[in-house]
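Trainee: Quick note on numbering: the working numbering labels position 367 of the sequence shown as 679, and the sequence is numbered without any gaps. Glycine included, every Cβ here is placed at the ideal spot set by N, Cα and C.
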Amino acid sequence: MIHLLEPYLGDTVLAVLLAAVLILAGTFLLAWLARLVIRFIEKRIAEHTRTRLDNIFLETLGKYVVSLAMIVGGYFLFQELALELREVPEFVIRVLEGVSSVLFVILVVYAGYVLIDYIRAIVEWYLDDVAVKTESRLDTELAPLIRRMLNMVIFLLVIIVVLEHFDQDISTIVVSLGVGSLAVALAAQDTLSNTIAGFVLLIDRPFRIGDRVELVDGTVGNIEGIGIRTTKLIDDYQVMIIIPNAEIVKDQIHNMSYPNDIVRFIVEFGVAYGTDLSYMRKSVLDKINAEPDIVEPDTSEVRIMELGNSSVNAHLLCKIQNPNNIPRRKAELLQLVYEALYESDIEIPFPQRVLHLGKSAQDAFGKNTSDS
């Protein structure tokens, strides 16, 4: 590039340095003009399009075009200087080559940073403009994960390009990374199993954020977050429970929010023998079906389940939509059943036993009484 100016400036050291300054200034001027053009396109054209993606692309490019152009120009300029300067000491050539190598490293790292910033901007645009319009939350949860993975890929590519520039053997490094990865995998089996399980949960979607689930140990709560390693659940006592994903994948989960948010309640109670059961059913169902959160009231029913020792045991079955606190709502339903029975003068028995004494027991009881 510098030799193009030799017919006008000559080939002396001073002329070469002057040409370098002119080229650097020209690079800056062209980059500055490019940024003005980008801003003009952004304001006059991109702002009138339906999507914000082109605005984001141009805005991000405008932030880095000058600095990126200056680093590129400086790198090629010092390479040219190392080739064109002939009447200078050897150490000066080495310094110029060293500066050129440093600028190359800066260029690769800066280009990687620009790509990472582009990925960040695109992911934020997708989450703000696209993901919010979809019914599934899979993209909302996968997008940040994909962003982190792409950032790691760019970071590794930057390292590989820099090492290749300095003539380092990449194959040896790749083999070393493979052996190191195997050692890390063996040392972190639980973490890897939880991470793989996290991917399975995000793709298989047995539940979503906000769903109400019941774990195998009987814990009931709402899904607060699905991470790569753990899933967070808030129970009815407002306590956050953090569960490793591997345990969730291998255990049975009851999703109360799928395919809908209707929960079927079972309330157990008993009435005295001799109760008019048809009248009892009507009293309880009239009371329960008057609640505003009861859905499909025609499916509510009272079933006679057992003739117990002291009572006729029954179950109330009803459907409630989206109960925030199942234990509390079940207690409220039990209170409503009690009120219905009380208002209808239906007896709720307490445990009692009737003892029948044989003749020998009666004689012994009478003898003890006469002795006293």
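#1: In the structure shown, what three-state DSSP assignment does glutamine 633 receive?
#2: Going by C-alpha distance, which of Asn637, Asn572 and Met382 is nearest threonine 531?
#3: What separation, rounded to the nearest whole angstrom, lies between the Cα atoms of leucine 408 and methionine 464?
#4: Could you work out which residue in Val435, Val525, Ala626 and Val420 is closest to aspartate 547 when comparing CA atoms only?
#5: According to DSSP, is alanine 584 part of a helix, a strand, or is it coil?
#6: For phenylalanine 388, which option in Ile606, Phe416 and Trp437 has the closest C-alpha, if you only look at C-alpha atoms?
#7: Just how far apart, CA to CA, sit leucine 589 and valine 624?
#8: Can at least three beta-carbon pairs, one atom from the stretch 572 to 585 and one from the stretch 539 to 555, be found at a separation below 8 Å?
#9: Are proline 518 and isoleucine 554 touching if we call contact CB-CB under 8 Å?
#10: Can you tell me whether leucine 321 is helix, strand or coil according to DSSP?
#11: Quick check on the DSSP output: the alpha helix (DSSP H) that includes arginine 593 runs from which residue to which?
#12: Using beta-carbon positions only, say whether isoleucine 538 and leucine 504 come within less than 8 Å of one another.
#13: How should methionine 592 be labelled, buried or exposed, when 16 other C-beta atoms within 10 angstroms of its C-beta is the threshold for buried?
#14: Just to check my reading of the structure: arginine 432 and arginine 459 have Cβ atoms closer than 8 Å, yes? What is that Cβ distance to the nearest angstrom?
#15: Going by the beta-carbon positions, is the gap between histidine 627 and arginine 615 smaller than 8 Å?
#16: So, isoleucine 600 versus cysteine 630, is the Cβ gap smaller than 8 Å?
#17: Using the Cα positions of glycine 533 and aspartate 429, report the straight-line distance between them to the nearest angstrom.
#18: Given isoleucine 418, which residues of its chain have a CB within under 7 Å of its CB, disregarding the five upstream and five downstream residues?
#19: State the Cα-Cα distance for the pair glutamate 613 and proline 635, rounded to the nearest angstrom.
#20: Can you find the residues in the same chain that come closer than 6 Å, C-beta to C-beta, to serine 569, ignoring five residues on each side of it along the sequence?
#21: Using a 10 Å radius around the Cβ and a threshold of 16 neighbouring Cβ atoms, would you call valine 649 buried or exposed?
#22: Here's the rule: buried if 16 or more other CB atoms are within 10 angstroms of the residue's CB, otherwise exposed. What is asparagine 572?
#23: Please identify the residue among Val421, Arg576 and Tyr438 whose C-alpha is closest to the C-alpha of lysine 642.
#24: Between proline 663 and the rest of its own chain, which residues show a CB-CB distance below 8 Å, the 5 nearest in sequence each way excluded?
#25: Could you tell me the alpha carbon to alpha carbon distance between serine 412 and glutamate 402, rounded to whole angstroms?
#26: Is the beta carbon of valine 378 less than 8 Å from the beta carbon of alanine 343?
#27: Among Pro609, Ile508 and Ala346, which residue has its Cα nearest to the Cα of lysine 686?
#28: What is the DSSP secondary structure of leucine 527, reduced to helix, strand or coil?
#29: What is the DSSP secondary structure of phenylalanine 388, reduced to helix, strand or coil?
Mentor: The short version:
#1: Residue state, collapsed to three classes: strand.
#2: Closest in C-alpha terms to threonine 531, from the list Asn637, Asn572 and Met382, comes Asn637.
#3: Approximately 32 Å between the Cα atoms of the pair.
#4: For the residues Val435, Val525, Ala626 and Val420, the minimum Cα distance to aspartate 547 belongs to Val525.
#5: Residue state, collapsed to three classes: coil.
#6: Out of Ile606, Phe416 and Trp437, Phe416 has the C-alpha closest to the C-alpha of phenylalanine 388.
#7: Each residue's Cα considered, the two are about 9 Å apart.
#8: No: fewer than three Cβ pairs fall under 8 Å.
#9: Taking 8 Å as the cut-off, the beta carbon of proline 518 is found no closer than this to the beta carbon of isoleucine 554.
#10: Interpretation of leucine 321 is limited by its pLDDT of 47, a score under 50 that renders its predicted location unreliable; the figure taken from the coordinates is listed afterwards. Helix.
#11: 589 to 601 is the extent of the alpha helix (DSSP H) around arginine 593.
#12: Going by C-beta atoms, isoleucine 538 is not nearer than 8 Å to leucine 504.
#13: So methionine 592 counts as buried.
#14: Indeed they touch by this definition, with Cβ atoms about 7 Å apart.
#15: Yes, they are a contact pair.
#16: Cβ distance < 8 Å, so isoleucine 600 and cysteine 630 count as in contact.
#17: The C-alpha of glycine 533 lies about 38 Å from the C-alpha of aspartate 429.
#18: Within the same chain, Ile383 come within 7 Å of isoleucine 418 by CB-CB distance, once the 5 residues on both sides are set aside.
#19: A straight-line Cα-Cα distance of about 19 Å links glutamate 613 and proline 635.
#20: A distance below 6 Å between beta-carbons, with the five flanking residues on each side excluded, links serine 569 to the following residues of its chain, in chain order: Asp523 and Arg524.
#21: Valine 649 sits buried, since 16 or more C-beta atoms from the chains shown fall within 10 Å of its C-beta.
#22: Asparagine 572 is exposed by the Cβ-count criterion.
#23: Nearest of Val421, Arg576 and Tyr438 to lysine 642, Cα basis: Arg576.
#24: Around proline 663: Asn621 and Ser622.
#25: Distance between the alpha carbons of serine 412 and glutamate 402 is about 15 Å.
#26: When the beta-carbon positions are compared, valine 378 and alanine 343 come within less than 8 Å of each other.
#27: There is no way to answer for residue 686, as the model of the chain reaches only from 313 to 684.
#28: It is coil, neither helix nor strand.
#29: Correct three-state label for phenylalanine 388: helix.
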